[in-house]
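Take 1 as the starting number for the sequence shown in the UniProt record's numbering and just add one per residue.
Quick reminder that beta carbons are idealized off the backbone N, C-alpha and C, glycines included.
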Amino acid sequence: MSHVVVAKQFSRHPAGRFVSDGPYSGEAFRQKYLVPALRHGERLVIELDGARGYGSSFLEEAFGGLVRAGYAATKIEGLVTLVTSDRSLELEIWSYIHDAAAVAQ
Numbered sequence: 001m002s003h004v005v006v007a008k009q010f011s012r013h014p015a016g017r018f019v020s021d022g023p024y025s026g027e028a029f030r031q032k033y034l035v036p037a038l039r040h041g042e043r044l045v046i047e048l049d050g051a052r053g054y055g056s057s058f059l060e061e062a063f064g065g066l067v068r069a070g071y072a073a074t075k076i077e078g079l080v081t082l083v084t085s086d087r088s089l090e091l092e093i094w095s096y097i098h099d100a101a102a103v104a105q
């Protein structure tokens, strides 16, 4: 099992959709942490508290982008645990995953 504390291991200021938007983009986060864990079928705990905020473009690309990269929403749900004191943030992330899955069908 892997454990990622976004604010400590990635950035306190995650922003942007693509790597071309900056080094702390959703695409960069997905490539560095999410895809390697899912590729190996490894459980992943992601702690979201401590960052200065998350833009929708960052979240949609990081998490919705997993579906576009070929990972089923059910696989993501089975392997990824989101830890946050902000329930609305957790719901927003899952909605991006489910919305991307609906488009992919």
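Environment of residue i [buried if 16+ CB atoms lie within 10 Å]
i, result
"F10", "buried"
"A104", "exposed"
"R39", "exposed"
Coil, strand or helix - residue i by DSSP
i, result
"H98", "helix"
"L89", "helix"
"T81", "strand"
"E47", "strand"
"S56", "helix"
"S2", "strand"
"F18", "coil"
"E42", "coil"
"G70", "coil"
"Y24", "coil"
"R30", "helix"
Cβ pair residue i, residue j closer than 8 Å
i, j, result
"F63", "Y96", "yes"
"V4", "E47", "yes"
"G26", "S57", "yes"
Nearest-angstrom Cβ-Cβ length linking residue i and residue j, presumed shorter than 8 Å
i, j, result
"A37", "L66", "So it is not a contact: roughly 10 Å between Cβ atoms."
"R87", "R52", "Their Cβ separation, rounded to whole angstroms, is 19 Å, which puts R87 and R52 out of contact at 8 Å."
"A73", "A101", "4 Å"
Closer than 7 Å: residue i CB and nearest the ligand ADP heavy atom
i, result
"Q105", "The model depicted lacks the ligand ADP and carries no ligand whatsoever."
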